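Asks: The structure under discussion is supplied below as structure tokens; questions concerning it will follow.
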Amino acid sequence: MNDRTDYNNLLKFEPLNEGNIQYRATIVNDGKNCELIGLDNKISPSDNIEWFKKYETEKTKYFFIVYNNGEPCGMVGLMNIDPTFKTGEVFIVLNDAAKGKGIGKKSMDFIMDYAKTNHSVRKIYLSVLNENTIAINLYKKIGFSEIKNSSLVGELEMEKSI
Ligand SMILES: CC(C)(COP(=O)(O)OP(=O)(O)OC[C@H]1O[C@@H](n2cnc3c(N)ncnc32)[C@H](O)[C@@H]1OP(=O)(O)O)[C@@H](O)C(=O)NCCC(=O)NCCS
832 MNDRTDYNNL LKFEPLNEGN IQYRATIVND GKNCELIGLD NKISPSDNIE
882 WFKKYETEKT KYFFIVYNNG EPCGMVGLMN IDPTFKTGEV FIVLNDAAKG
932 KGIGKKSMDF IMDYAKTNHS VRKIYLSVLN ENTIAINLYK KIGFSEIKNS
982 SLVGELEMEK SI
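If you're matching positions, the sequence shown starts at 832 in my numbering and goes up one per residue.
Structure representation (structure tokens):
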């Protein structure tokens, strides 16, 4: 894969790196995003750098900054990959200005395609807060279904074969 992946001309997905890591904090800290993704506090610059060092050392997660017309506007990621069962978990967050324009759906399409092509993932899992109806609508729209008997209190677990 190239460093910047063209995707429908306007959207680009760039692997997280030293040059774009600051956008992780800007995007996650925007509006109510922290709350919606279950973080207690906003990400400080020093926490962000520490997180990135761990990310680079462990090499178990694959995150991308989403650019719309050259402007950083979101982050999508793949994590918890299990090569035996060919499963993985995805994550998405957009800054407030980017929401409601179809970028979430296209970014999910990108990360599922990336998971399948580059990591042989065949089933995607995710968990989402029960009250996060916007994200739940998005996931249902793209074919995720609810996993019954979830053990996570206050969260909905979902899955989709890819
Ligand atoms: C969830 C999120 C990624 C959705 O991205 P988005 O770009 O706004 O979504 P899209 O414009 O691609 O819309 C896709 C679908 O999501 C749902 N949706 C989007 N905005 C919505 C809204 N304001 N109200 C209800 N449903 C909505 C709809 O089903 C929509 O399909 P439709 O346009 O055909 O009706 C974005 O709102 C976000 O970053 N939220 C904060 C972080 C977060 O909650 N992440 C998920 C953690 S599990």
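Note that beta-carbon positions come from the ideal geometry of N, C-alpha and C, so glycine has one too.
In this text the structure is predicted, and so the values were computed from the model without any measurement.
Drop a sphere of 10 angstroms on the beta-carbon of P914, count the other beta-carbons inside from all chains shown, and report buried for 16 or more, exposed for fewer.
Replies: exposed
Asks: What do you get for M910, buried or exposed, if any count of 16 or more other CB atoms within 10 angstroms of its CB means buried?
Replies: exposed
Asks: Tell me whether the region 888-908 and the region 865-879 touch, counting them as touching only if at least three CB pairs, one residue from each stretch, are closer than 8 angstroms.
Replies: no
Asks: Assign V984 to buried or exposed, taking buried as 16 or more other Cβ atoms, counted over all protein chains shown, within 10 Å of its Cβ.
Replies: exposed
Asks: For F922, which option in I978, F894, P903 has the closest C-alpha, if you only look at C-alpha atoms?
Replies: F894
Asks: Excluding the 5 residues preceding and the 5 following N851 in the sequence, name in chain order all residues of the same chain whose CB lies nearer than 8 angstroms to its CB.
Replies: E845, I896, P903
Asks: Measuring only the C-alpha atoms, how far is N949 from G935?
Replies: 21 angstroms
Asks: Going along the chain, which residues of its own chain have a beta-carbon closer than 7 angstroms to the beta-carbon of G974, five neighbours each way excluded?
Replies: K991
Asks: With a threshold of 8 angstroms between beta-carbons, can I923 be considered close to chain C, or not?
Replies: The chain inventory of the structure shown lacks chain C, comprising one protein chain alone.
Asks: Tell me P876's beta-bridge partners as DSSP assigns them.
Replies: In the DSSP output, where bridge partners are listed per residue, P876 has none listed.
Asks: Does the Cβ of L841 have 16 or more other Cβ atoms within 10 Å, making it buried, or fewer, making it exposed?
Replies: exposed
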